[in-house]
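Residue numbers (my numbering): 16 to 242. For every residue, glycine included, the Cβ atom is placed at its ideal position computed from N, Cα and C. All of these numbers come straight from a predicted model, not from anything done at the bench. Only one structure is covered here, and it is reproduced in the block below.
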C-alpha cells in the first residue's frame, strides 16, 4: 500500500520560491547587446559577486532585478514576484553607483527618513530604524551633515543605509565599497553578515568583497553580432 502523505504535504505546503530566479535574461540598448541569455538561481541568504570589466553588464543586471530596466528577453522573479512589481520592489533594497540620488540640501538623517516614508514606514518606526542604523554603521556625523557637504565615501555609506532601511529580503549593491576606508568597509560587511537571511548581489572589483560571497559570476563585454 503506497503512502501518499508526502505528496499531499507537498501539495498543501509547496516549497517556497527561490529568492531570485533569472531565466534567459537579455538586454540590449539600441544595437548594443549588454546581457545575453543569463540564467541564475539564488536561495535565501546566498551572497553572489558579479565581477567583470566596465561595460560587462553588472549594473544592468542589478537594474533589471530592481525593476528600473525592463529586460529585452527572458524574465526575472523575486520570491516568485515579477521584478519591478510593487511586491518585488518592497522586497528589494538597492544602492546603484549611478543612482545614488539624494536631496543634497537635506541632512543624511532627513534623507533616510524620507526614504523610509516612501516605503510606507510610519514616522515612529522610521525614527527607530534610522537610529538603529546610525549606531550599527557609525553614521552619526554623516546623518548630521547636509548631503552636499559629504564626501564620496560618506554618500556611499548613506546609500547602503538607505538600501537597508526597508529591512529587505534582497540587497543589490553596485560597487558599495569602492571609496570606503577599512573601518567603514568592515562595518558594511558586518551588517550584511549579521543579516544571515539577506540575499545579496554585489557588483565589485574588490577581491576582499568577492571573498565574502558564496560564489561569483565573471562577466565579459559581449562582442556585437554581425549579420
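- Distance from the CA of residue 157 to the CA of residue 37, rounded to the nearest whole angstrom, comes to 36 Å.
- The way I'd put it, the segment 180-191 does touch the segment 206-219; three or more beta-carbon pairs between them come closer than 8 Å.
- Residue 140 and residue 181 have their C-alpha atoms spaced approximately 10 Å apart.
- Per DSSP, residue 119 lies in no beta strand (DSSP E) and is assigned neither H nor E.
- In summary, residue 174 is buried, with 16 or more beta-carbon neighbours lying within 10 Å of its beta-carbon over all protein chains present.
- Taking residue 117 as reference, the option from 109, 127 and 108 with the minimal CA-CA separation is 127.
- Listed as beta-bridge partners of residue 228 by DSSP are no residues whatsoever.
- Per DSSP, the beta-bridge partners of residue 90 are 38.
- Taking the C-beta atoms as reference points, residue 33 is found no nearer than 8 Å to residue 62.
- Separation of the CB atoms of residue 40 and residue 107 is rounded to 16 Å, and the pair is thereby denied contact status at 8 Å.
- Rounded to the nearest whole angstrom, the CA to CA distance from residue 53 to residue 223 is 25 Å.
- For residue 206, the secondary structure class from DSSP, reduced to helix, strand or coil, is helix.
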